[in-house]
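There are 2 protein chains.
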Amino acid sequence: MRDVWSALSDKTRREILMLLKSRPHTAGELCDQFDLTAATVSHHLSVLREANLVKTRRRAQTVIYSINTTVLQDMLVYLMGVARK
Amino acid sequence: MRDVWSALSDKTRREILMLLKSRPHTAGELCDQFDLTAATVSHHLSVLREANLVKTRRRAQTVIYSINTTVLQDMLVYLMGVARK
DNA sequence: AGTGTATTTTGATATTTTTCTAAATAAGGA
DNA sequence: TCCTTATTTAGAAAAATATCAAAATACACT
Numbered sequence: 001m002r003d004v005w006s007a008l009s010d011k012t013r014r015e016i017l018m019l020l021k022s023r024p025h026t027a028g029e030l031c032d033q034f035d036l037t038a039a040t041v042s043h044h045l046s047v048l049r050e051a052n053l054v055k056t057r058r059r060a061q062t063v064i065y066s067i068n069t070t071v072l073q074d075m076l077v078y079l080m081g082v083a084r085k
Numbered sequence: 086m087r088d089v090w091s092a093l094s095d096k097t098r099r100e101i102l103m104l105l106k107s108r109p110h111t112a113g114e115l116c117d118q119f120d121l122t123a124a125t126v127s128h129h130l131s132v133l134r135e136a137n138l139v140k141t142r143r144r145a146q147t148v149i150y151s152i153n154t155t156v157l158q159d160m161l162v163y164l165m166g167v168a169r170k
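Protein chains in written order, with my numbering: chain F, 1 to 85; chain V, 86 to 170.
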């Protein structure tokens with residue numbers, strides 16, 4: 001399982017998460033939002049999936065990505081611990 | 086100003102922040118906690134400083150590092166936005 | 001089986017990051 | 001001024017990451 005911190009260190013991946021926050025997107029829809037090849041976006045999606053930040057389900061030919069907030073909740077707790085006055 | 090996300094993506098730097106959470110440390114004290122050269126730790130400290138995650142003050146020959154939680158507070162707000170149900 | 005669409009994987013290259021050694025800087029004290 | 005201690009900077013090597021083009025896989029439809 002990939003580290004959630006390194007997964008979030010990339011701007012593209014954070015933007016993907018913001019898109020998924022509003023609603024689930026297919027891999028193709030996500031590709032359309034970036035000036036990157038499908039291969040590159042697919043790679044970013046795999047990093048997010050390894051970090052458990054997104055979930056996937058397949059519908060026919062398309063793969064639908066949605067956000068998984070449980071790891072972010074954990075991160076929040078961690079950050080509160082560090083940031084607390 | 087360096088990105089706070091990439092600053093936090095490194096394990097050593099997160100450990101440095103945890104040490105600074107308990108109390109300020111000199112650069113040398115921080116070096117002692119890691120199996121890394123002083124130059125390397127100094128580099129990590131400069132990354133943390135560029136991200137505004139630590140503050141420094143000099144006392145005689147030593148440089149004292151302390152945590153700056155204001156950026157972490159911002160990050161918390163951001164994460165709450167993404168992680169909110 | 002063959003074709004078309006959507007997505008992932010592979011293999012290669014370019015860039016970034018981490019780390020080290022050695023040199024440079026900063027400050028105090030003899 | 002010279003020496004010692006603490007820290008940073010410069011330069012280089014090694015490791016990790018981002019990116020692309022091309023090939024491979026998955027699935028639906030005819």
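Built from N, CA and C at the ideal position, the CB exists for glycine as well.
In this model, V:K106 and V:R99 are separated by some 10 Å (Cα to Cα). Residue contact with chain F for V:K106: present (Cβ-Cβ distance below 8 Å to some residue of chain F).
For the C-beta of F:A51, not a single chain V residue is nearer than 8 Å; the gap to the nearest is close to 11 Å. Within its own chain, the residues whose Cβ lies closer than 7 Å to the Cβ of V:V89, once the five positions on either side in sequence are excluded, are A136, L138, V156 and M160, listed in chain order. Within the region 139-166 of chain V, the residues whose Cβ lies closer than 7 Å to some Cβ of chain F are T154, L157, Q158, M160, L161, L164 and M165, listed in chain order.
Taking the Cα positions, F:T62 is about 24 Å away from F:R2. For V:T122, the secondary structure class from DSSP, reduced to helix, strand or coil, is coil. Within the DSSP bridge table, the entry for F:K55 names F:S66 as partners.
Around the beta carbon of V:S94, a 10 Å sphere encloses 16 or more other beta carbons of the protein chains shown; the residue is thus reported as buried. The Cβ atoms of F:K55 and F:S46 lie no closer than 8 Å to each other. At a cut-off of 8 Å between beta-carbon atoms, V:S91 makes contact with chain F. Note on geometry: alpha-carbon atoms of F:P24 and F:D35 lie some 20 Å from one another. A Cβ-Cβ distance of about 6 Å is found for the pair F:I16 and F:H44, placing them in contact under the 8 Å criterion. If you look at F:S22, you'll find it in the alpha helix (DSSP H) that goes K11 to S22. Under the Cβ distance rule, V:S94 counts among the residues neighbouring chain F, one pair being separated by less than 8 Å. Contacts between V:L102 and chain F, judged by CB atoms closer than 9 Å, involve V82 in chain order.
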